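Participant:
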Amino acid sequence: MAEHEIDVNRLRKDMKDNYGTAMFNGFPMAVMELTKVERLTDQELVELAQKNGVDLRKYII
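Residue numbers (the numbering used here): 481 to 541.
In structure tokens, the structure reads:
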């Protein structure tokens with residue numbers, strides 16, 4: 481994905497939404513991931529998204 485620019489603001493929002501939903505659906509450990517997503521650099525966020533299987537093509541600008 482290095483050759484594409486990623487909309488990291490939208491990616492961060494979507495990941496926070498996903499972890500927030502998980503947290504309220506009985507996965508309390510998701511709160512740690514939610515906090516982590518808020519603190520990651522843009523590059524770290526993209527790497528975490530890739531690790532978690534997020535389709536980054538949806539976020540190409």
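Where is the CB? At the ideal position from N, CA and C, for every residue including glycine.
Keep in mind the model is a prediction, meaning the values are calculated, not measured.
In the DSSP assignment, find the unbroken alpha helix (DSSP H) run with Gly533 in it and report its ends.
Facilitator: Counted from its first residue, the sequence shown places residue 533 at position 53. Premise fails: Gly533 is in no alpha helix (DSSP H) and is neither H nor E.
Participant: Could you name the residues that DSSP lists as bridge partners for Ile541?
Facilitator: Counting from one through the sequence shown, the residue named residue 541 turns up at place 61. Bridge partners of Ile541: none, in fact.
Participant: Here's the rule: buried if 16 or more other CB atoms are within 10 angstroms of the residue's CB, otherwise exposed. What is Met509?
Facilitator: As a working mapping, residue 509 is identified with position 29 in the sequence shown. Label assigned to Met509: exposed.
Participant: What span of residues does the alpha helix (DSSP H) with Glu518 cover, start to end?
Facilitator: On the sequence shown, residue 518 is found 38 positions in, with the first residue counted as 1. 510–519 is the span of the alpha helix (DSSP H), which, as asked, contains Glu518.
Participant: Which value, in whole angstroms, describes the spacing of the CA atoms of Leu520 and Arg537?
Facilitator: The count along the sequence shown starts at 1 and reaches residue 520 at position 40. The count along the sequence shown starts at 1 and reaches residue 537 at position 57. Those two C-alpha atoms are separated by around 20 Å.
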